[in-house]
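Numbering (the UniProt record's numbering), first residue to last: 1 to 77. Using N, Cα and C, we set each Cβ at its ideal position, and we do this for glycine too.
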């Protein structure tokens, strides 16, 4: 949780991931890497196509996300 030093424990981290999953700013499908990207503000929640959690970190503007968008992976909005 070094990316989120204000979080007290794993419960806060999970709540944050759940919030992003339930109300994202954008959902992107990265076909090349087999993942869905849920972004909210600067945060990036990565989920495998089978629904498994990959990671959560401030990375909404990362090259990984931008490449997926440029390849037509935007699902919503």
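Rounded to the nearest angstrom, the Cβ distance from residue 27 to residue 68 is 11 Å, too far for a contact under 8 Å. Under the three-state reduction of DSSP output, residue 13 falls in the helix class. Look at residue 31 here: in three-state DSSP terms it is coil, with no helix or strand label. Taking 8 Å as the cut-off, the beta carbon of residue 38 is found no closer than this to the beta carbon of residue 30. In this structure, the straight-line span from the alpha carbon of residue 71 to that of residue 47 is close to 18 Å.
Taking the C-beta atoms as reference points, residue 42 is found nearer than 8 Å to residue 60.
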